[in-house]
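Our numbering numbers the first residue of the sequence shown as 215 and each following residue consecutively. Just so it is clear, CB atoms sit at the ideal spot from N, CA and C, and this is done for glycine as well. Only one structure is covered here, and it is reproduced in the block below.
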Amino acid sequence: MNTFGHLFRLTDFGESHGPAIGGVIDGMPAGILFDAGLLRNEMVRRRPGGGSVSPRKEEDETEVLSGIYRGFTTGAPIGFIIRNKDARPEDYKDIVSGYRPNHADYTYALKYRRFNDPRGGGRSSARQTACRVVAGAFARMALSKMMPELRIEARLEQSLEKIMEARTAGDSVGGSVSCTITGVQAGIGEPVYGKLHARLAEAMMGINAAHGFEYGDGFALAEARGSEVMDEVSIRKDGKVEISGNHSGGIQGGISNGMPIRFRVAFKPTPTFAKALPAGSRVGRHDPCVAMRAVPVVEAMAAMVILDCLLEDRAYRIQ
C-alpha cells in the first residue's frame, strides 16, 4: 500500500537510490495559500547531511508540478517530485550475498524475489519519509486556515550527548519522540473503527523504525488505579465544559475532548552502524539515532491525520 489517508490522501513513489522520489496529494481543499517557505523549512528539518545524522547530502528541493495556480491551491491533485542527487547504489552491491540485520532486505527479497530493488533498502528506506513531510506541510497550510489555533509540536526525548557517545563508539541508539497537539476542537474522530488515536497510531507506526506508540498516560495506565487517573468533567455556569487532568491524552472514546492531544513514538536503534557486522553486510551512510530526523516526520503525519479527520467530521455534519 503506497497511499495514506481517507479524504486527504498521499500516494508516493520512488526508491532510496533511484533517480527521484515524489508523490500525489489528493483531497487538498481549494483556496489555500501556498506557503513555499513553510514547505522549504520542513524539508530542511528532515534532510540528511548534518554533523550528527547521516552524511548523505540531499538538498531535498521539492518541485511542485500541479495543483497550484496564482499562489493558491486549486483543488486539483498536487503532484511533486524530489530528485535524488547523492545516491550511491554501489554501497549496496554486496546485499545480494548477505542481508543486513534488522533491515527489510530479507523480507523484501522474500516477497518480491529477484525483482526487488535492494539499494539502500529501496522502498523501505527512510528516504521515503521526505514525501510524508511534503504532504504534512500542505496539511499544515490547510489547517492554518481551517483550524488557526492548531499547534503541532514534537520533540526528541533522547539527549544529543547520548547519541554522540553512540556514534563515537561506532554504534547506534534508539529514541522516542513525544508530540503535543493543541487547538483541536472537541468532537474530531469517528467512533469504533475510525478512532482518532487509532488513526494516529496507524500513521506513527507506519514511520520507518517505529516500534511503539502510546497516547495520554499510555502503558503507565496498566499499572495505575482508576482513582489515580480520573479526568473529571464539569460544566461551568456559562455552559463551558472543563476537564481536570489529561490522563486520556485529549482523546476519549476515540474522539477529541478539546484537551491537548499527547502521544509518544518509540524508535529502534539504527540497525546498521560502524561496528563489525556479519560477512556480506555493508555499513553505508546512516543516522546514529533515527529518532532525530523523525521529529518533523511525526509532526507531518500528525498534521495529515488531523486534517483528514477534520474533513471527515465536516462531511458527516449536517449543521
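Confirm, please, whether the CB-CB distance from Asp-226 to Gly-236 is below 8 angstroms. yes
Just the C-alpha distance for Arg-476 and Ile-395, rounded to the nearest angstrom, thanks. 7 angstroms
Mind pulling the beta strand (DSSP E) runs of 3 or more residues that sit fully within the stretch 215 to 262? 223 to 228 and 234 to 240
Identify whether Ser-495 lies in helix, strand or coil by the three-state DSSP scheme. With a pLDDT of only 49 at Ser-495, under 50, the local geometry of the prediction cannot be trusted, and the value read off the model is given with reservation. Coil.
Assess, as a yes-or-no matter, whether the stretch 410 to 421 is touched by the stretch 458 to 469 under the definition of 3 or more beta carbon pairs within less than 8 angstroms. yes
Whole-angstrom C-beta distance between Gly-350 and Ala-517, which should lie under 8 angstroms: 5 angstroms
Beta-carbon proximity of Thr-486 to His-231, cut-off 8 angstroms: no
Out of Asp-501, Ala-424 and Val-447, which has the shortest C-alpha to C-alpha gap to Met-515? Ala-424
Is Thr-276 near Met-257, with beta carbons less than 8 angstroms apart? yes
Enclosing alpha helix (DSSP H) for Cys-523 [first to last residue]: 505 to 530
Does the Cβ of Leu-324 have 16 or more other Cβ atoms within 10 Å, making it buried, or fewer, making it exposed? exposed
Pull up the CB-CB distance for Ala-380 and Ser-373, whole angstroms please, since I reckon it's below 8 angstroms. At roughly 11 angstroms, the Cβ-Cβ gap does not stay under 8 angstroms, so Ala-380 and Ser-373 are not in contact.
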